[in-house]
Each structure stands twice: as C-alpha cells, then as structure tokens.
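Participant: Sending over a structure as structure tokens; questions will come in a sec.
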Amino acid sequence: GAGVSQTPSNKVTEKGKYVELRCDPISGHTALYWYRQSLGQGPEFLIYFQGTGAADDSGLPNDRFFAVRPEGSVSTLKIQRTERGDSAVYLCASSSGPSNEQFFGPGTRLTVL
Amino acid sequence: AQSVAQPEDQVNVAEGNPLTVKCTYSVSGNPYLFWYVQYPNRGLQFLLKYITGDNLVKGSYGFEAEFNKSQTSFHLKKPSALVSDSALYFCAVRDITFHNQGGKLIFGQGTELSVKP
C-alpha cells in the first residue's frame, strides 16, 4: 500500500517568504508527526496530531511555525517569514497509534536563501 | 528528561563480519526503544522496536537489537554485514513524560555505517 507522501520534495525560498509543506499520511493512521532534521543531526520533534487536533506542539521553535490537519488526514506545516536557519529537511510520519512505530515520508528539503 | 546517545559517529565493518551500532538511553520509567535506518535522499525506515518482553528483538533485513536494562543500552546488531547495509542508523526513544501521551520520538545523532567489500 501507499506510504507517507510529502510535497514538494524540494522547496527553495527567499528569506522572509511564507511556505507550506504538505504531508499525506498512511490511510487510516490517526497519529501524525512533524520532525525537522538538520544536516548531521537526528530528527527533532515539532508537533503531533491525534486526529484533527494538535495534541502536542511543544517542539515548534516559535510562533512563525504552525501546522493544521483539518480533516484528520492530510497535514500542512506552515512557516511564516522564513529565516535562513529554517533550512532543513522536514519529515512527516504517521502511525496507527502512539505506542506503535512511526512510518516516515521522504521529507521536504527546505532551503531559505 | 529523556535522551538517547549514539557514541559513535561512524562504524566501519568488512562485509561478512558481525556489526554492532551502539545506543544508550536515559528515561524515567520503562523505555520504548526504536531503530531506524536512513538511506541517502530517502526517509527513515523502521527496523525494529522494543516495548516489553524478550530482551532480544529481531527486525527487518536480519537486524536485531538487545535491550539491556542495567546498562541502559539498546545496541543494534547483525551477524553478517552486507555492503548494502551501509547507511545512517538512528536510535530513538519514545518520550513518555507525564504530559505527553502522544509517542513523540527523541532521536540520537545517528551513526554512519560503512560496510566495505
């Protein structure tokens, strides 16, 4: 079956611009996670959705970052007024429950010039 | 606070030899531990997990990991390495602090495994 998909695969933007990153989880998975991976580092948690609600957004670095999952399936990570330090690979993962393994998408590589 | 450490940035092994990638953890309570592998320009792939039960966990592609509570370790092992095993390996622990029931993962820094023919 289809895995987690993310679009776009690459995004280049200019400092100060707004970007949206999309995640399409595995069908039926109620839990959805966003992580950010910088070069040479392990993924760092950003936000977790259970259904439509953000159950844990403790990893969002500041109020420029926001994420939604309005229908409990697709999620969009939104970054306002991008900064060069936002450049990273943004990973999305889904699971059938919080105790189960997470399945990751291929990521979106964001480059802020 | 929960944390994971992978003490080796890189592990080099000859094909056919056994391999070990080390991981230690720090958690309050019982740990939920995971190993993931990342191939170049691809997402993380789940290898195996320890939740409870037998300390030796078997996973995908012939990998296994041994949970050692007294040493707070969860080392990844394979009896005979393949060149195709060369990749970046991440150990992770589920954050199960009181305020979090969501299963977010805390990852180690990663270990680059290089298997030479």
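These protein sequence lines map, in sequence, to chains H and U. Residue 63 in the working numbering sits at position 63 of the first sequence, and the numbers go up by one each step. Heads up: take any position in the second sequence, counting from 1, add 1000, and you land on the working numbering. Think of the CB as a built atom: it goes at the ideal place given N, C-alpha and C, for glycine as much as any other residue. The model shown is predicted, which means the values in this text are computed figures rather than measured ones.
Checking the sheet assignment: what are the DSSP bridge partners for H:Ala93?
Facilitator: For this step, residue 93 of chain H is matched to residue 93 along the first sequence. Partner(s): H:Tyr33 and H:Phe104.
Participant: According to DSSP, simplified to helix, strand and coil, what is U:Val1083?
Facilitator: Residue mapping note: residue 1083 of chain U aligns to position 83 of the second sequence, counting from 1. In this structure, U:Val1083 counts as helix in the three-state DSSP scheme.
Participant: Since U:Lys1077 and U:Thr1020 should fall inside the 8 Å C-beta cutoff, what is the C-beta to C-beta distance between them, to a whole number of angstroms?
Facilitator: As a position in the second sequence, residue 1077 of chain U is number 77, starting the count at 1. As a position in the second sequence, residue 1020 of chain U is number 20, starting the count at 1. Correct: roughly 5 Å between the Cβ atoms.
Participant: Closer than 9 Å by beta-carbon distance: list the chain U residues that pair up with H:Ser95, in chain order.
Facilitator: In the first sequence, the residue the question calls residue 95 of chain H occupies position 95. Ordered by position in chain U, the residues that pass the 9 Å Cβ test against H:Ser95 are Gly1103.
Participant: If you draw a straight line from the C-alpha of U:Asn1017 to the C-alpha of U:Glu1064, how long is it?
Facilitator: Working through the second sequence from its first residue, we reach residue 1017 of chain U at position 17. Working through the second sequence from its first residue, we reach residue 1064 of chain U at position 64. The alpha-carbon atoms of U:Asn1017 and U:Glu1064 are separated by roughly 15 Å.
Participant: For the stretch 1048 to 1074 of chain U, enumerate the residues whose C-beta is nearer than 8 Å to any C-beta of chain H, in chain order.
Facilitator: Within the stretch 1048 to 1074 of chain U, the qualifying residues are Lys1049 and Ile1051.
Participant: Mapping the DSSP letters down to three states, classify H:Arg69 as helix, strand or coil.
Facilitator: Along the first sequence, read from residue 1 onward, the residue named residue 69 of chain H stands at position 69. H:Arg69: coil per DSSP, three-state reduction.
Participant: With DSSP as the reference, please indicate the residues paired to U:Arg1094 in a beta bridge.
Facilitator: The sequence position of residue 1094 of chain U within the second sequence is 94, counting from 1. Answer by DSSP bridge pairing, in chain order: U:Leu1105.
Participant: Which bits of chain U does H:Gly42 rub up against, with CB to CB less than 7 Å?
Facilitator: As a first step, residue 42 of chain H is located in the first sequence; it is residue number 42 there, counting from the start. By Cβ distance, chain U contributes Phe1090, Phe1107, Gly1108, Gln1109 and Gly1110.
Participant: How far does the beta strand (DSSP E) with H:Leu21 in it extend, from its first residue to its last?
Facilitator: Here residue 21 of chain H corresponds to residue number 21 of the first sequence, with the count starting at 1. Element bounds for H:Leu21: Val19 to Asp24.
Participant: Of the residues that make up the stretch 1014 to 1030 of chain U, which ones have a beta carbon closer than 7 Å to any beta carbon in chain H?
Facilitator: Those residues of the stretch 1014 to 1030 of chain U that come within reach of chain H (Cβ to Cβ, closer than 7 Å) do not exist; the list is empty.
Participant: Are the CB atoms of H:Phe103 and H:Ile26 nearer to each other than 7 Å?
Facilitator: Within the first sequence, the letter at position 103 stands for residue 103 of chain H. Within the first sequence, the letter at position 26 stands for residue 26 of chain H. For H:Phe103 and H:Ile26, yes; Cβs fall inside 7 Å.
Participant: Identify the continuous beta strand (DSSP E) that holds U:Tyr1025 and give its terminal residues.
Facilitator: Against the second sequence, residue 1025 of chain U aligns to sequence position 25. That run of the beta strand (DSSP E) goes Thr1024 to Ser1026.
Participant: Reducing DSSP to helix, strand and coil, say where H:Gly53 ends up.
Facilitator: Residue 53 of chain H sits at position 53 when you count from the first residue of the first sequence. It is a strand residue.
Participant: Do you know how far the Cα of H:Thr52 is from the Cα of U:Thr1111?
Facilitator: The count along the second sequence starts at 1 and reaches residue 1111 of chain U at position 111. The count along the first sequence starts at 1 and reaches residue 52 of chain H at position 52. Going from the Cα of U:Thr1111 to the Cα of H:Thr52 covers about 35 Å.
Participant: Report the three-state DSSP secondary structure of U:Tyr1061 (helix, strand or coil).
Facilitator: Along the second sequence, read from residue 1 onward, the residue named residue 1061 of chain U stands at position 61. In the structure shown, U:Tyr1061 sits in a helix (DSSP, three-state: H, G or I).
Participant: Residues of chain U with CB closer than 7 Å to the CB of H:Phe104, please, in chain order.
Facilitator: The residue labelled residue 104 of chain H in the question sits at position 104 within the first sequence. Those within 7 Å of H:Phe104 in chain U are Gly1043 and Leu1044.
Participant: Among all the DSSP beta bridges, which residues are the ones paired with H:Lys15?
Facilitator: As a first step, residue 15 of chain H must be located in the first sequence, where it is residue number 15. DSSP output for H:Lys15 lists no bridge partner at all.
Participant: One question on the structure: do U:Gly1108 and U:Val1004 come within less than 7 Å of each other, judged by their Cβ atoms?
Facilitator: Stepping through the second sequence from its first residue, residue 1108 of chain U is reached at position 108. Stepping through the second sequence from its first residue, residue 1004 of chain U is reached at position 4. Yes, the pair counts as a contact, with Cβ atoms nearer than the cut-off.
Participant: Which residue or residues does DSSP assign as beta-bridge partners of U:Lys1116?
Facilitator: Taking the second sequence and counting its residues from 1, the one referred to as residue 1116 of chain U is at position 116. For U:Lys1116, which the question treats as bridged, DSSP gives the partners U:Ala1014.
Participant: Can you say whether H:Ala88 is buried or exposed, counting buried as having 16 or more other CB atoms within 10 angstroms of its CB?
Facilitator: Along the first sequence, read from residue 1 onward, the residue named residue 88 of chain H stands at position 88. Looking at its Cβ environment, which holds 16 or more other Cβ atoms inside 10 Å, H:Ala88 is buried.
Participant: Could you please give the first and the last residue of the uninterrupted beta strand (DSSP E) stretch that includes U:Leu1076?
Facilitator: Translated into the one-based positions of the second sequence, residue 1076 of chain U becomes position 76. Ser1073 to Lys1078 is the span of the beta strand (DSSP E), which, as asked, contains U:Leu1076.
Participant: Could you tell me the distance, in whole angstroms, from the CA atom of H:Val112 to the CA atom of U:Ser1070?
Facilitator: Residue numbering aside, residue 112 of chain H sits at position 112 when the first sequence is read from its first letter. Residue numbering aside, residue 1070 of chain U sits at position 70 when the second sequence is read from its first letter. Whole-angstrom Cα-Cα distance: 45 Å.
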